[in-house]
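Beneath this line is the structure, given in structure tokens, with notes to follow.
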Amino acid sequence: MTPTTITSRVGADGILSLAIPLSPAAANEEVRVTVESLNPKPAMTQEEWAAWVKTMAGSVTD
Numbered sequence: 065m066t067p068t069t070i071t072s073r074v075g076a077d078g079i080l081s082l083a084i085p086l087s088p089a090a091a092n093e094e095v096r097v098t099v100e101s102l103n104p105k106p107a108m109t110q111e112e113w114a115a116w117v118k119t120m121a122g123s124v125t126d
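Position 10, counted from 1, in the sequence shown is what my numbering calls 74; the numbers after and before it change by one each time, with no gaps.
As structure tokens, then:
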């Protein structure tokens, strides 16, 4: 099977729907799908990470 790269957009509902036509020879084959953002967010700084962790304190209600 030839590797295929497609670009798609996640819907407003947060669902990514894909319909990828492949050859009949690919029927019943297992495939791997990798999802990655085309516009990745920059990594948080240590200060941003620490601030985020502090906002989580006490947020679990179980």
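Don't be surprised by glycine CBs; every beta carbon is placed ideally from N, CA and C.
The model shown is predicted, which means the values in this text are computed figures rather than measured ones.
Discussion item. Let me check understanding here. Comparing Cα to Cα, which of Ala89, Ile70, Glu94 lies closest to Ala83?
Written reply: Walking along the sequence shown from the start, residue 83 turns up at place 19. Looking at Ala89, Ile70, Glu94, the one whose alpha-carbon comes closest to that of Ala83 is Ile70.
Discussion item. Here's a check: name, in chain order, each residue in its chain whose Cβ is nearer than 7 angstroms to the Cβ of Ser72, leaving out the five neighbours to either side.
Written reply: Counting from one through the sequence shown, the residue named residue 72 turns up at place 8. Leu80, Leu82, listed in sequence order.
Worksheet item: Secondary structure at Thr68, three-state DSSP: helix, strand or coil?
Response: Looking up residue 68 in the sequence shown gives position 4. Under the three-state reduction of DSSP, Thr68 is assigned to coil, being neither helix nor strand.
Worksheet entry | Ser123: CB within 7 angstroms of a non-hydrogen atom of the ligand SAH | Among the ligands in the structure shown, none appear at all, so the ligand SAH cannot be discussed.
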